[in-house]
Every structure is written in structure tokens, then in C-alpha cells.
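A.B. asks: Just so you know, the protein sequences line up as chains A and B, in that order. The first sequence begins at 2 in the working numbering and counts up one residue at a time. The second sequence begins at -4 in the working numbering and counts up one residue at a time.
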Amino acid sequence: MTQQNILTNSQGQQLLDESRVDNILTIIKHTTKEFLNWWYVKMTVWHLRMLVRVSTILDDNLSISLLIKNFFLPWHRDFSLIGYVFGILIKILFLPIAILIYLLFSFLYFLLICIWVLLPIATLIYILKSLLGI
Amino acid sequence: MAIEYGWQNRTVIGHHQKDSNTLELIEKDLPILTKESDALFLLTRDQFFSISTPQISNVLTNYLKYNRINNQVRVIANILLMPGLFIAVGYLLRYLGVLEKIEILNQFISSNIADILFGVSIFNVFILWYDYFKDKSHPVRLPKAQKIPLNDLEEIKTTGIKFGRYAHLEAINFVNEYTLDAICNNTKNEQIDTSSLFTELFVLPEIQEIFRRADIKITEEIFSKNNVTKETLPKYSYTAIRSIIIYALNEALLTSSTEIEPKHLILALLNVFPVLRQTLSTQRSSIDILREVIRYQSYEKDKLKRAQHFNPNVAYYRKGGIAKDWVYGYTYILNHFTKNVNEQVIVERDIYGIGHDDEIEALISVLGKVSNRNALFVGEPGVGKSSIVMGIAQRINSGDVPLQLKDKRILKFDINGLIAQSSKEQNLEGLVLKAMNELENAKDVILYIDEMQELIPSKANESGHSIAGILLPYILNSKFPILGTVNYADYKKYFYSMESLRQAFTNIEIKEISAVDALQILETKVSQLERNFNIYITFPALISAVELAQRYNKERKLPSSAVQLIEEACSWAQTSGVRLVTGEHVSKVLSNQKGIPIGSVDPQDSTKLMKLEENMKRKIIGQEDAIQALVEALRRAHVDIRNPNKPIGTYLFLGPTGVGKTHISKVLAEEYFGSANSMIRVDMSEYKEIESVEKFLGGVSDSSILGRSSTSLVDKIKSNPYTVVLFDEMEKAHPQILDLFLQIFDEGRLTSTLGETVDFTHSIIICTSNIGSLMLLETLNDRNVTWQEAKDRAMIELKQAIKPELLNRYDKVLVFHPHDIQNLSQISELLLAELAQRLTEKSITLKWGNLIPQLIASKANDPGLGARPIKRYIQDNIEGNIAKEMIEGRVTSGQEITVKESWIV
């Protein structure tokens, strides 16, 4: 089957760079750019997504949303006074602990992201400071 | 019955000729395009992949250089890491106060140089981290190649590609580093060497594993035999790499892989070069099998990935957590006679519901409704009704269900458990009431009742329990969802009459899954079977299991028939000491079970078939045409070139009585199927009346066991479909019964009154008739009537008696010769030989003179009655006299006895 082409744009992109690589400097420049992009953009976004995932898993495993949504539901659907009182009491006792764990782990992971972002800069400053101290 | 793998219509490959500005789709042979102005592309349903020459040139220029420098950086980073490690230890020791005693070390660790070295080492950790994780943290992922709708395909072919509707992706970005390595290593002086590329790829361990799994054993010798040389796999301009990458991309998309790996590259080469395809054919393999192996590997990889909850690239479904039970009711009593399906699927770790996506979706929509949330699965046994319920349980466990089904438990009702529990508590009604209250209150339970018919009062009475009457009202007015299963026959028998029950359930019909889905189910069991039996299962074994089960185990449905067959083959392999299970082994196991040759042409079976004609001619006198026709049909069946959806052969034997019509069928059953007793003989004179149709189909009125006689034709064929079925004197049957033959001859099956399908595709069907006998016998009495004239007249009479549509469906109508005196003499000889054989068992030798058979023939000959009078004559005169001599003691064991002429004359 042969027919007129109606494609208008098929230029495509270059794999590494538009220019041919002739010297080591271009490679170092490209690699450094890629490293910085990976560390500060790609991985930071990845860590933020991970923070969302960690908090989702914590929320799910500690049943926080579920219990808040069903806060006034009696214990195991025993619709008697004891069931209501016991259910709410247990939730009042459990939820603060669960929320504390949730916040603690989420905060720890957030801290990790901050460390991640600061780590290369901090290391460079450390090296520079040591160099200046000689 | 070859498996439809479903590779078609997922991708479209084409090229754009820039010179002429034309577009051409590549449909059959895959060409290697080297002209720079030829731009290749690949389309999926939603994506458009392209690759350009500058991209290839860029890769070739840069990739190896970058790789080399990266390797050097990696080595330097590792070296620079070492001082950092020592300094870290030093910092620790200084902190602990150990270093104070070693002044030099203490001074060094406290110096700025140590700090600088430590900082540099830390930086190297970042570099190595980046080097190792950059591809893992952000892996490339090819989209899933969904089926392209036929309308879209048609539109592409007629009006061209509307580029704007596709997402444009660059194929080169999905090529992984090992594939780039292989391509760059085999491209020198702007030429790619396909021969060395293939050789390099072929020896890779992962490729060898694929070939092993596909049961392909290719050696250098096989390659050279199939002309796989540097001439047939030549060098091309580097621009040819575009074609190879696009074809490899096609393979990656079809096999649900995430990137283009070396295995896709080798598949592309196997697809492009005819000599390589030929080499695969000599190994009785194909690209399809290799693709299936790779798809299986991708599936296994994907399965592992799906379990990674902390991977943000993998979907996470909420499961409810530790307090999910708090918001649902207790089911203390119910737990005594129910099993938690959600827990069961966690323990069994199988994958359920494959091939039933539509049914699962239908079930989810029923369960998601506000009212009437009951569903009834209706289907043949073995089609996977329970598997769907388990599939739903698995999806609930993973959280991949709509909100209405979140955190639900599926409890399987155990009727025997309830009976046992009720005997303890002595109050069945009270127990059921409590359980039903629990069910209504729990709010997270879906009740699953397997074999739902057990709760119908009429069936319950047959089974001898009284639970149905108590339980049924609750089920009809349930406030909780119920899932039930029932097979067609029971549905028809018990549900038809109960309108209220039918109204309470939404029927979901479960069809037998496709062969390719059954294959995928077998694939999920491979690792478990290999562990259990300590064997290695090749893909041809799985494919054979599906194909053979579909063809020879029609009484059971896929997937259970195929699963059973592969398990039996694995068990056989273990006991026989076989470590690598192949397709031949599966055929062998089935062949042993069925007692007929199946699969590849076994030399022993072939010899048996070659000698069949000879053996039959020794036992049957004067009917060479009939023998020839039958043997030809069996040869066709043996080499698998016959139509698999029809009986092996359908024949009408026409001729006067005593010419050997029934005898030939018996001999055939004995010679081919192993025993004359395996022949099923149906006397059609028993089916003269219209009422006998039901009896013929295994009717209810003919009841003894399960509503029909255990020895009806239906039962006999079901228990032994590999046989000769003889319908004797078929012209005597009622015309409506003869109409049923149309279905048997055309489709190889018959539907019984209970809705069961009986398979005739492995049977030889022989009908006999005496129509036209008088005309045929005239040839004996009147010398002026030739055999051809008599035969033509008999055929005219046959056409008048039998409907043309039925007559037309016989493979052959064979007219049997009436026996002349010479035939009768040979028959006498045969019968005497049979008698001699029987006497040998008593150590008595029977002898007779040359004239004896002729004498018997002339004495017993009664024109029109064929060979039967001979049999009677020998019985009366020869056997009678021998018996007399034996009783009188004149002949004893070890003696010889000669047939006397006086016995005959």
C-alpha cells in the first residue's frame, strides 16, 4: 500500500546532544548537568512522591482516615449503648497514638528530603572550608 | 488447533519515503532499509515511534566514548572512596579517645587534609550513587500496546495516518544500555555486521535461557546446515540500525516489556532473516513461542514489582489497616461453617481470574449496586467459576476495587459444616437465624455459595438434607450480597422452575476461556510445578497441554483440562526421571491415558498403521474398497491433517446381510483402537418411534442414574470417545433421529437432553444399511446384470430412502460385494483357522485338507445370506463332530485331529 504522506513533523530528538562529542570537556559538562538534574530535580520530585506514598501507607495501615470517617460507629456494629461508648472510647485512645506515629514518620521523611537537598552543597562547603583552613 | 496469540493488530510498522513523499506499511516480510531518505516508524493505538539517522549516528559517535569515560569515572570514584573510609574510622576512634595514644594518626585525622579527603570521598559516594541509581529510580517504561481498533486500522490503510492523534515518542530512548553496547560493538567503519551481532547476542546467558525454555537446541552444525553464514547475514550500512531498532521495539511492545533489551534485538533478527526463521522451523519452533517465553519473563518481572509497596512508580491500593475490623460486625457463628476466601488466596499465592476480565467487571458492577447485589455464575464445570470469586478476593486484598467493595470479606458457605454444627446445637433453625443476623449486621461480608443448587429444595431432598427450606427464604430476601455458582445442567433442572430465585440473582454466564488465556494460567503455575516436581518445564510442553486438552479432553473445559494434563505430565516426568518436560512428553502422557497415538508421528505407530491394511485384509475377505477407505481416514487422522471438528471418518456401508459390514467395524476397532469390545454398536431398529429420540439422546424418561440410563449412547461415548461407533441398519430409525446425524457428522458433537455436549471428533462413525440388497444380489443370480449396474440401482434406491443432506455428509458410501463361492471358501478357511486357534488353547491341533473349505462353502452357500450360513455350518458340522470325539475320549490334549470329508458330506 502506497499513499501520500500526511506527516508534517518527524524530526525527532537527539540522544545526548545536538553536536558530535569530540572532547572530554563536553562529556564532563554534559555529565555534570545530568547529575545536577538527577539530584535536584528528578530525585527531589521522587522523594516528594515517596513522602506521599509513605504517608498513604501509614494512614492506611494505622486506619486513621477509616476510623475518623467512622468515628461515631459503635464497636463492631454493636448498636447498643455499650457498643457506642466502647467504640468511641477506643478510638479516642487509639487515634492520637496513630496520628503521632503518622506525623513522626512523615516528619522524619521530610527531614530526609531536606538533608538530600542540602547534602551536596554541605559537602562542598565542608571541602571549601577545609581548603581555606590549610 | 493452534493457539491464537493475539500479536496481531497491536502495532503497525511503516516507512516514509521522503524522496517521493509516500507512505508504505510493512505487512509481511520485514525489510532492512538503508536509504537515508526512508524513515521508519511504528504505530500503536496511541503512540507514534520514530527513529532518525542522526540519532543513530549520534549514538555510534557518543555512546562508547561516554561509556568509556563513565567507566573511568567509576574506577576513580571507587579509589577515592577508600581514604574516606579510613578517615571515617579515624574520626570514630578519635571520638572514642583511642587515637590520643597514637600522636601521628591523631594529628592527621585532626588536619584539614583529612577533612578535605573525607569531603571528596563523600562526594564520590554521590557520584557512585547517581551512577547506580539513575536508571533504577527513573526507569524508562514502554507503554502497553493495546489492540488497535479495526476501524482505525482500516482508516490508516485507506486515508493515511493522522499524526496529531498520537503521542510522538523516540524509539532510541527505550533502548537499554546492553542493547546499545551490542549494536555499537558490532558497527565498524559505518557498517553493522548482523552476523557478528547475532553471534554475540546468541551466546548471552539470558538468550540461552529463552532458547532453553522454548526447547530449542541450536548448535553451530545446525546453523551451517541452514545456511546461516556471513553471506546470508550480511553487513549493512549503519543506517540499517534504524530498521533493526524499530523491529526490536515492535518485539518489546508485543511482549509487554518495558524497554528494548538484547532479547528483543535477537527476535528482530530472527524475524528479518529467512535463514534464521528456517533454523527455528527445523527445531519445530517459531517466533510465537519465543515471544510467549519473553512475555512470560516480563510477566514474572512485573509480578515482583507489583509487590513493592514503597515504590512510588507502582500503584498502591488501600487495604484498611489494623483497625478495619472495628467498624464491621462480628461473625462468630458464621465462622464455624464458612471459609474466608480472602485468607485462602493469600495462602495459595496463585493468580485467579485470568481470561475472565469481562465477567469480573460484570460482577463488580453487580456488587456495586444498591439493591439486588446477588450474582449467579452459570457455566460448564471447569471453566473457572470459583476462580472468578478468588480473583475478586485477590483484587479486594490488593485494594484494586471500587469503594463499594473495599475491605469486604468473601465467606464461602460450607453446607456440611452447617449440618455438623447444627447436630451439636440441636437447633438448625436457630443457628441459621443467628448466622443470618450476623451476616446482615457485619456489612463487610459477601457470602459465596458454591454449587448453589444444593439449596434448592428439590435437589436438597435428593442429597438428603433439609437445610434448603430453612436457608432459602433468607437468601431470597438477603440484605447482603451473595455469589453463587451452578452448572448449566443444574441451572436448567433446578432454577428454571423457581422464578423467585431467578429474579433474586443476576446471571453471569461464564464461558470457556481462550487457549491463549489458558496458556497464561499454565505460565503462572510453572515456577510452583518446577519446585514441586524438581523438573524444568519447556514452553512447547505448556502449549501442547493447552492444545491437546482442548482437542482430546473435550469433556472438561479449559483451563482445568490443561492444568490437569500438565500436572499429570509433570508427575510422570518425575517418576520417569525426566528433568526437562517437552511437548512430546505431554503427548505421550495423554496417549497413554487415552490409549491412542497422539502427537508426533511415532515410528512404532506408523508401522502399525502401515500394516493395518495388510492385517485387515487378512481378516476380511473380498471388501478391499472398504478397507482402503477406512485405512486412508486413519492415516489422515494420524498425521493431523484431518478436520479436527469432525469425526475421524463417517461411512455408510451398503450391502446385503452377511457380507461383513459389522465384521469390518469390529476388526477395525480391534486393530486400531486395541479391542473389538471398544466398538459401540447401536441397533437403530430400536429407534423406530418418535418417542425414541429422547432415549437416543439419553433422555430423562430413561432414568436410572442421574436421570438417564448409565449405558446410553451418550454415556458410552463420554466414557470412551476413541472408538468405532456402529449404527446398524440406520434406515430403520425414525427420520428425526437421522436428522441428529447431521450435527454429529458436521460438527462432531451431539447435545444430550440434559444439555451436555458429547464429542464425536475422535470416533469413526459407520452406518450400515440393507437398502438395495436385492439389486446387489441379482449379480449372483443373473449373469446379465453387471456389478456396476447393480450398484447404480442400489444407489438410486438409497437416494430415495435417505435424505440427500444426510447422504451428502458421509465421507464415503461403500457398497459391499455379495460373496461369491470363492470368497465363501476363503471365509471358511478363516473360520477354520479361528477354530484351530481356539483348540490350540486346549493343546489339540486341528488339520484340514485343501478341499475342505471349498466343500464347506459349496454346502453352506445360501445366496442372499452371505457368510453367516458358513459360520453356522462350521458350528454344526465341524465343531459338533470335534466336541463328540472329545467327549468320547477319542481326542485328548496333545493329539491331532483332522477334519473329515464325511462330516461335511
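Idealized CB from N, CA, C, for every residue including glycine.
Can you check DSSP and say which residues form a bridge with Asn502(B)?
C.D. replies: Taking the second sequence and counting its residues from 1, one reaches residue 502(B) at position 507. BP columns for Asn502(B) point to Leu371(B).
A.B. asks: At a CB distance below 7 Å, what residues from the segment 295 to 313 of chain B approach chain A? Give them in sequence order.
C.D. replies: Flagged, chain order: His304, Phe305, Pro307, Tyr311 and Arg313.
A.B. asks: Closest Cβ-Cβ distance between Phe36(A) and chain B: below 7 Å?
C.D. replies: One-based indexing of the first sequence puts residue 36(A) at position 35. Judged by the 7 Å Cβ criterion, Phe36(A) is in contact with chain B.
A.B. asks: Could you check whether Leu524(B) and Val541(B) sit closer than 7 Å to each other, using their CB atoms as the reference points?
C.D. replies: Working through the second sequence from its first residue, we reach residue 541(B) at position 546. Working through the second sequence from its first residue, we reach residue 524(B) at position 529. Their beta carbons are not under 7 Å apart, which means Val541(B) does not touch Leu524(B) by this criterion.
A.B. asks: Sorted by chain position, which residues of the same chain lie with C-beta nearer than 6 Å to Ile760(B)'s C-beta, five sequence neighbours on each side aside?
C.D. replies: Here residue 760(B) refers to the residue found at position 765 when the second sequence is read from its first residue. Within the same chain, Ile760(B) has close Cβ partners Pro642, Thr645 and Val720.
A.B. asks: Nearest-angstrom Cα distance between Val384(B) and Gly348(B)?
C.D. replies: Position 389 of the second sequence holds residue 384(B). Position 353 of the second sequence holds residue 348(B). Distance between the alpha carbons of Val384(B) and Gly348(B): 8 Å.
A.B. asks: For a cutoff of 7 Å on Cβ pairs, would you count Ser132(B) as touching chain A?
C.D. replies: Within the second sequence, numbered from 1, the residue matching residue 132(B) stands at position 137. Chain A, which has a Cβ nearer than 7 Å to the Cβ of Ser132(B), makes this yes.
A.B. asks: Quick check: the Cα distance between Ile700(B) and Met881(B), rounded to an integer number of angstroms?
C.D. replies: Along the second sequence, read from residue 1 onward, the residue named residue 700(B) stands at position 705. Along the second sequence, read from residue 1 onward, the residue named residue 881(B) stands at position 886. A caution first: Ile700(B) carries a pLDDT of 41, below 50, which makes its placement in the model unreliable, though a value can still be read off. Taking the straight line joining both Cα atoms gives about 47 Å.
A.B. asks: In whole angstroms, give me the CA-to-CA distance for Leu400(B) and Glu354(B).
C.D. replies: Indexing the second sequence from 1 puts residue 400(B) at position 405. Indexing the second sequence from 1 puts residue 354(B) at position 359. C-alpha separation (whole angstroms): 16 Å.
A.B. asks: Which ranges does the beta strand (DSSP E) cover as unbroken runs of at least 3 residues, wholly within the segment 710 to 780 of chain B, from first to last along the chain?
C.D. replies: You should have 719 to 723, 744 to 746, 752 to 754 and 759 to 764.
A.B. asks: Using only the alpha-carbon positions, how far apart do Glu287(B) and Asp210(B) sit?
C.D. replies: Sequence index remark: in the second sequence, residue 287(B) carries index 292 (1-based). Sequence index remark: in the second sequence, residue 210(B) carries index 215 (1-based). Each residue's Cα considered, the two are about 13 Å apart.
A.B. asks: Measuring only the C-alpha atoms, how far is Pro26(B) from Leu18(B)?
C.D. replies: Numbered from 1 along the second sequence, position 31 holds the residue referred to as residue 26(B). Numbered from 1 along the second sequence, position 23 holds the residue referred to as residue 18(B). Going by the C-alpha atoms only, they are around 15 Å apart.
A.B. asks: Excluding the 5 residues flanking Ile593(B) on each side, which residues of the same chain have their C-beta closer than 7 Å to its C-beta?
C.D. replies: The sequence position of residue 593(B) within the second sequence is 598, counting from 1. Around Ile593(B): Leu543, Tyr547, Ser582, Leu585 and Ser586.
A.B. asks: Determine the direct distance from the alpha carbon of Ile444(B) to that of Asn327(B), and round the result to whole angstroms.
C.D. replies: On the second sequence, position 332 is the one that residue 327(B) refers to. On the second sequence, position 449 is the one that residue 444(B) refers to. According to the sequence displayed, residue 327(B) carries Tyr and not Asn. The alpha-carbon atoms of Tyr327(B) and Ile444(B) are separated by roughly 19 Å.
A.B. asks: Per the DSSP calculation, Asp33(B) is bridged to which residue(s)?
C.D. replies: Here residue 33(B) corresponds to residue number 38 of the second sequence, with the count starting at 1. Paired residue(s): Gln12(B).
A.B. asks: Compare the C-beta of Asn24(A) with all C-beta atoms of chain E and state if any pair is closer than 7 Å.
C.D. replies: The chain labelled as chain E is not found among the protein chains of the depicted structure, namely A and B.
A.B. asks: Starting from the beta carbon of Phe121(B), find every residue of chain A whose beta carbon is closer than 9 Å, and list them in chain order.
C.D. replies: As a first step, residue 121(B) is located in the second sequence; it is residue number 126 there, counting from the start. Within 9 Å Cβ-Cβ: Phe36, Trp40, Leu120, Pro121 and Thr124.
A.B. asks: With which residues is Ile644(B) paired in a DSSP beta bridge?
C.D. replies: Working through the second sequence from its first residue, we reach residue 644(B) at position 649. A small correction: the amino acid at residue 644(B) is Gly; Ile does not occupy that position in the sequence shown. Partner(s): Ile759(B).
A.B. asks: Hey, how far is the Cα of Leu406(B) from the Cα of Lys70(A)?
C.D. replies: What you label residue 406(B) is simply residue 411 of the second sequence in a count that begins at 1. What you label residue 70(A) is simply residue 69 of the first sequence in a count that begins at 1. Looking at the two C-alpha atoms, the distance is approximately 25 Å.
A.B. asks: Using a Cβ-Cβ cutoff of less than 7 Å, which residues in the same chain neighbour Gly155(B) once the five nearest sequence positions on both sides are dropped?
C.D. replies: Taking the first residue of the second sequence as 1, we reach residue 155(B) at position 160. Excluding positions up to five away in sequence, the list reads Leu18.
A.B. asks: Considering only their Cβ atoms, is the gap separating Thr33(A) from Gly114(B) smaller than 7 Å?
C.D. replies: Counted from its first residue, the second sequence places residue 114(B) at position 119. Counted from its first residue, the first sequence places residue 33(A) at position 32. Against a cut-off of 7 Å, the Cβ pair of Thr33(A) and Gly114(B) comes out as no contact.
A.B. asks: For the segment 119 to 138 of chain B and the segment -2 to 8 of chain B, state whether three or more C-beta atom pairs, one from each stretch, are separated by less than 8 Å.
C.D. replies: Touching, no, given that fewer than three Cβ pairs across the two stretches are closer than 8 Å.
A.B. asks: Specify the secondary structure class of Ser670(B) as computed by DSSP and reduced to three states.
C.D. replies: By 1-based counting over the second sequence, the position of residue 670(B) is 675. Coil, per DSSP.
A.B. asks: Please tell me whether Ile241(B) and Leu35(B) are closer than 7 Å, where the distance is taken between their beta carbons.
C.D. replies: To locate residue 241(B), count along the second sequence from 1; it is residue 246. To locate residue 35(B), count along the second sequence from 1; it is residue 40. Cβ atoms of Ile241(B) and Leu35(B): closer than 7 Å.
A.B. asks: Check the C-beta distance from Ile178(B) over to Ile46(B) and give it rounded, since I have them as a contact under 8 Å.
C.D. replies: For the purposes of this step, residue 178(B) is taken as residue 183 along the second sequence, with counting starting at 1. For the purposes of this step, residue 46(B) is taken as residue 51 along the second sequence, with counting starting at 1. At roughly 12 Å, the Cβ-Cβ gap does not stay under 8 Å, so Ile178(B) and Ile46(B) are not in contact.
A.B. asks: For Trp843(B) and Gly859(B), I'd like the C-alpha separation in whole angstroms.
C.D. replies: On the second sequence, residue 843(B) is found 848 positions in, with the first residue counted as 1. On the second sequence, residue 859(B) is found 864 positions in, with the first residue counted as 1. Cα to Cα, Trp843(B) sits roughly 27 Å from Gly859(B).
A.B. asks: What is the DSSP secondary structure of Ala263(B), reduced to helix, strand or coil?
C.D. replies: Stepping through the second sequence from its first residue, residue 263(B) is reached at position 268. The answer is helix: DSSP assigns Ala263(B) an H, G or I state.
A.B. asks: Terminal residues of the continuous beta strand (DSSP E) containing Tyr868(B)?
C.D. replies: Position 873 of the second sequence, counted from the first residue, corresponds to residue 868(B). First-last for Tyr868(B): Arg863 to Tyr868, but that is the alpha helix (DSSP H), not the beta strand (DSSP E).
A.B. asks: Given that Tyr127(A) touches chain B, what residues does it touch there, using C-beta distances under 9 Å?
C.D. replies: Here residue 127(A) refers to the residue found at position 126 of the first sequence. Chain B residues near Tyr127(A): Asp110, Ile111, Phe113, Gly114 and Ile117.
A.B. asks: Which class does Asn845(B) belong to by DSSP, given the choice of helix, strand or coil?
C.D. replies: Mapped onto the second sequence, residue 845(B) falls at position 850. The answer is coil: DSSP assigns Asn845(B) none of H, G, I, E or B.
A.B. asks: How long is the line joining the alpha carbons of Glu435(B) and Leu120(A), rounded to whole angstroms?
C.D. replies: For the purposes of this step, residue 435(B) is identified with residue 440 of the second sequence, where counting begins at 1. For the purposes of this step, residue 120(A) is identified with residue 119 of the first sequence, where counting begins at 1. One C-alpha to the other measures close to 57 Å.
A.B. asks: Kindly indicate which residue of Leu841(B), Thr519(B) and Glu433(B) has the alpha-carbon position closest to the one of Ala878(B).
C.D. replies: For this step, residue 878(B) is matched to residue 883 along the second sequence. Of the candidates Leu841(B), Thr519(B) and Glu433(B), the one whose C-alpha sits nearest the C-alpha of Ala878(B) is Leu841(B).
A.B. asks: Nearest-angstrom Cα distance between Glu338(B) and Glu457(B)?
C.D. replies: Looking up residue 338(B) in the second sequence gives position 343. Looking up residue 457(B) in the second sequence gives position 462. If you take the alpha carbons of Glu338(B) and Glu457(B), they lie about 33 Å apart.
A.B. asks: For the 8 Å Cβ check, are there 3 or more pairs between the segment 100 to 113 of chain A and the segment 41 to 52 of chain A?
C.D. replies: Touching, per the Cβ criterion.
A.B. asks: When the Cα of Gln186(B) is compared with those of Leu164(B), Glu226(B), Lys230(B) and Lys220(B), which residue comes out closest?
C.D. replies: In the second sequence, residue 186(B) corresponds to position 191, counting from 1. For Gln186(B), the nearest C-alpha among the options comes from Lys230(B).
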